[in-house]
Every structure is written in structure tokens, then in C-alpha cells.
Amino acid sequence: MTAPATASAPHPWTSPFCALLNDDLQLVQQGDRFALTGPGCERAQRALAHFRPERSTATPTIAGQAATLDDAVEQAAQRLAASRQPLFGGLATDVDGARALYPLACATGAIYDAAGGAAQLHTLRALQDRGAFTTTLAEVRNRADLIVCVGASPRENFPGLWRRVGVGEPLVAQREIVFLGGATEPALDGLAGVTQRSVALSGDLFDSVAQLAALVDGRRVPRAAPALAELAAQLHAARYAVIAWESSQLPEHGALIAEALNRVVGTLNQRSRAALLPLSGKDGLQTVNYVFTWLSGLPLRSRVGPLGLEHEPLRFDAKRLLAEGSVDALLWVSAFGPEPAAPSASIPTVVLGHPAQQAGAGADAVFIPVSTPGMGSAGHLFRFDGGVALPLEAVYDDGLPTVAEVLQRLNARVRTLQAGRSA
231 MTAPATASAP
241 HPWTSPFCAL
251 LNDDLQLVQQ
261 GDRFALTGPG
271 CERAQRALAH
281 FRPERSTATP
291 TIAGQAATLD
301 DAVEQAAQRL
311 AASRQPLFGG
321 LATDVDGARA
331 LYPLACATGA
341 IYDAAGGAAQ
351 LHTLRALQDR
361 GAFTTTLAEV
371 RNRADLIVCV
381 GASPRENFPG
391 LWRRVGVGEP
401 LVAQREIVFL
411 GGATEPALDG
421 LAGVTQRSVA
431 LSGDLFDSVA
441 QLAALVDGRR
451 VPRAAPALAE
461 LAAQLHAARY
471 AVIAWESSQL
481 PEHGALIAEA
491 LNRVVGTLNQ
501 RSRAALLPLS
511 GKDGLQTVNY
521 VFTWLSGLPL
531 RSRVGPLGLE
541 HEPLRFDAKR
551 LLAEGSVDAL
561 LWVSAFGPEP
571 AAPSASIPTV
581 VLGHPAQQAG
591 AGADAVFIPV
601 STPGMGSAGH
611 LFRFDGGVAL
621 PLEAVYDDGL
631 PTVAEVLQRL
641 NARVRTLQAG
651 RSA
């Protein structure tokens, strides 16, 4: 029997469950649960429901049967070593996990694509095609007098955004927040020095952003909505304008929208100051993309193939590869909670995940429960704006191996098996 947990005093905590990496939170243990006091974060509060302040009883499984960690690693290595074209998906891990994942991808020739790869691609392709001028949370907090949110409000996936950029604080005397194609935020009503308004779309989001780009560029747009013309003038008049959007909320081919917003910022920076704030990178996506890029020179949706490094942002889409049967093994990594869960696939599957993912790992899968950085183990994550990598401290001992520890063992065993087969 486990002794009942007791209450603890609040202590500073950096949440790993949001791309903002909120480091102004206070975590408290209340009985057998964790909770937040002081500044809140809805995403963190929901995620904490999946953790208990005690050592986990979860064990590895092979085809649904309990197994030792040694046996699970052996079975996983056998499956990956035998694969001709594996896929590494999910990729929800921290810096150490990503650093251990890349050499295993090289050893097996795996294609790697994160669970949020499609959303990340909107911003990435626009950056590759045209470049981008982005900003950081600190710059927005200290300078931005006009923030334009394109599309839906970020409150669901980035609930602490307004607090983190100092909206309502005296750092900037007057701020206006404009929601293009979205409703205003009730939480911003009545804040000192803050005004907000909503601008309706003129056509769809593609049409509206294209018109706005043309108006900012000074071109004649015969049927432009007056509200868009007013917004273009406001962007020119701002001392520091910031255009924010949430990548996961953009429609298909959202890279075209990101590219048009890049043009808006480029035009504004000829005479004033403006920047982009693309909101993305939850579940360690930004971290893994950075790590793989600095190790290989290429972002996600790449592989080390027969011809060397290959980057195929459209062809290496994990969902497409699985649907087409273009891969013959799947390694799914998801350390932060029950989601993102491994997709159902009729190929050899290895899942390194939060214990709650065990039930959905697949009837024939190898499942290895792993520790969550920032909860059961320490780690580092990059914040979505790329400005800083924040340390994560272990809150309790969950008794589980980290992603990095499992992958290091897998990598060593896979290379031994490959060497034996080539001898």
C-alpha cells in the first residue's frame, strides 16, 4: 500500500505542457494530486490531472503482455533493425530525448515527422521560401503598441499569452489588439491602457490577408473592405506592430497566409518597426525541430537516406506515409501525456509514451512507459519563440526511464544487430 500523499507548500514551476513554457506558475501538491496556485494556465491544469505524486506502477508490454525493460528494448531493436523504411513520429520529447533520437534515426534511415508537423510546416515553408522577421515574448512585452491576431483567438492553446506579453501592464502605455477574423477577448476588457476590436474577414482568410498585404504595400484594391484599409493605415502608424497567428488554426495551404503576412512585415519595416509572432511548438515540437536542425542542418520531415540527407516537406508527411503504406515500422515518442497518441497502424510499432498511452498502443506494439520532463524527471525545452531554452526540474520521482535513456539503449542494440547481419 502507498501511504497517502500530503499537502506541500507552493513552489515555482515551469510547465512543459504549453509552448509558452510558463515559468511564473506555482505548483502545489494537494493530497494525491497536483494543482496550481496564483497565475493559472488551463492547459497545465488539465495536463496535471494525468499525474500523481508517486512512483508509477506502469511496466513495458510486448503485444499487450507485461515485460521487463530489457525484453522490451530487445523487441523494439529487433523491429527497427529489420525495417527497410521506418518512420519516427510523435517526437514529443525534450532536448536530451531529441539528441538521442537523431542518431537512432541515422542508424535506421528513418523518416522523422512530429505529430504537429503539418501545422509547423505552414510557418516553415514560408520561412524557406521568403524568409521571415520574427520577434520574442520580451520584445512584444516591452515594445508592441499594436498586436494583430490573425484568425481565431489563441486563448485555448496559449491561455497565458496575454499575461506573458504584459498586456495591461504599464510597460507600453497604450496597446490596441485587433482580431482579424476572430472575436475579441472578454478577459482583456477593462485592462488599463488596452483597447481591442474585431475586424471581419473580407472573403475568406486567404482573401483578407492578401488584401491587407496589398493595402499595406500601397497598391489600389478596388473592392477592399474599409475595415481592412483602416487596419493597414493603423499598421503603418504603429511604433511596433506585431502580427500573431496560431499555425494549427490555419487552413490547408496556410503557408500562403504566412507568406503574405511576411510580406506585410517586410513592407512595414522599410519605414517603421514590425515583426511576426507565429504561435506553435507544443509537445516539444519546437525543441525537436531545433535539435534536429542543429545536428543535421535540416528541419523535420527529413531523413538520412541512401543519397545522404534528404528534406521532403510534402512527401515525408507522416500521415500520408502511413496511409499509403510507404513505411514498414513506426517508432512513436510522446512523453508529455495521453496525447498525441500513436496512430493505429498495421506495421511493427514501438511506442515510448506516457503510461496512459498503453491502452491505445496497438495489439502487437512494444510499449515502454517513459518519464515526463518537468514532472518525473528533469530536462530542457525551447520556448516557441526560440529565444530561450528553459530548464525543467523534476517534481517527484516517477520511477520511469527517460526517453533519452531508452533511446540510447535502443541505438546501441540496433547498431549491434546491424553489425551482426552485415558480418
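Take any residue in the sequence shown, count from 1 to its spot, add 230: that is its number in my numbering.
Don't be surprised by glycine CBs; every beta carbon is placed ideally from N, CA and C.
So who's on the other strand from residue i, going by DSSP bridges?
| i | result |
| --- | --- |
| W243 | L255 |
| G538 | G535 |
| R405 | V424 |
| E476 | L509 |
| V596 | I292, V580 |
| I487 | For I487, which the question treats as bridged, DSSP gives no partner whatsoever. |
| V303 | In the DSSP output, where bridge partners are listed per residue, V303 has none listed. |
| P603 | S607 |
| T364 | L506 |
| V429 | L410 |
Is residue i near the ligand MN, going by C-beta to nearest heavy atom under 7 Å?
| i | result |
| --- | --- |
| S607 | Judged by which ligands are present, the structure shown has none, so any question about the ligand MN falls away. |
Please state the DSSP three-state secondary structure of residue i.
| i | result |
| --- | --- |
| T646 | helix |
| E635 | helix |
| D343 | strand |
| V625 | coil |
| T183 | Nothing about residue 183 can be reported from this structure: the residues present for the chain run from 231 to 653 only. |
| R193 | Limits of the chain in this structure are 231 at one end and 653 at the other, which puts residue 193 out of reach. |
| P333 | helix |
| H280 | coil |
| A565 | coil |
| A504 | strand |
| Q260 | strand |
| L376 | strand |
| F318 | strand |
| V325 | helix |
| S556 | coil |
| G609 | strand |
| P585 | helix |
| T517 | helix |
| T267 | strand |
Less than 8 Å between the CB atoms is what I'm expecting for residue i and residue j, so what's the real figure, rounded?
| i | j | result |
| --- | --- | --- |
| P603 | A288 | Rounded, the Cβ-Cβ distance is 17 Å, inconsistent with contact. |
| R394 | L367 | 5 Å |
| A274 | F247 | 5 Å |
| R503 | R469 | 7 Å |
| P568 | A586 | 4 Å |
| R533 | F546 | 7 Å |
| L435 | G411 | 6 Å |
Given that a residue counts as buried once 16 or more other Cβ atoms are within 10 Å of its Cβ, and exposed if not, what is residue i?
| i | result |
| --- | --- |
| L544 | exposed |
| R276 | exposed |
| L498 | buried |
| P283 | buried |
| L465 | buried |
| G361 | exposed |
| Q441 | buried |
| W524 | exposed |
| Q295 | exposed |
| D628 | buried |
| T517 | buried |
| F614 | buried |
| Q260 | exposed |
| E482 | exposed |
| G617 | exposed |
| G420 | exposed |
| E219 | Absent from the model: residue 219. The displayed extent of the chain is 231 to 653, so no value can be given. |
| G320 | buried |
Measure the alpha-carbon distance for residue i versus residue j and round it to whole angstroms.
| i | j | result |
| --- | --- | --- |
| V636 | V303 | 7 Å |
| A235 | V644 | Any reading at A235 is ruled out, since the residue's pLDDT is 47, under 50, leaving its predicted position unreliable. |
| R550 | K512 | 22 Å |
| A649 | L334 | 14 Å |
| L622 | D326 | 12 Å |
| A422 | E369 | 20 Å |
| R651 | A337 | 14 Å |
| A505 | L299 | 48 Å |
| L255 | R314 | 46 Å |
| A553 | T579 | 15 Å |
| G538 | A340 | 12 Å |
| A619 | G346 | 20 Å |
| P456 | L445 | 11 Å |
| R329 | Q426 | 43 Å |
| T291 | G268 | 40 Å |
| E489 | G609 | 34 Å |
| P389 | C271 | 6 Å |
| G527 | N519 | 11 Å |
| C379 | A279 | 30 Å |
| L582 | A344 | 14 Å |
| T232 | F281 | Confidence at T232 is low in this model, with a pLDDT of 39, below 50, so its placement is unreliable and the value that follows should be read with caution. Distance between the alpha carbons of T232 and F281 is about 15 Å. |
| R493 | Q500 | 11 Å |
| P240 | A634 | 29 Å |
Using a Cβ-Cβ cut-off of 8 Å, state whether residue i counts as contacting chain B.
| i | result |
| --- | --- |
| T338 | This model lacks chain B altogether, as it is built from one protein chain only. |
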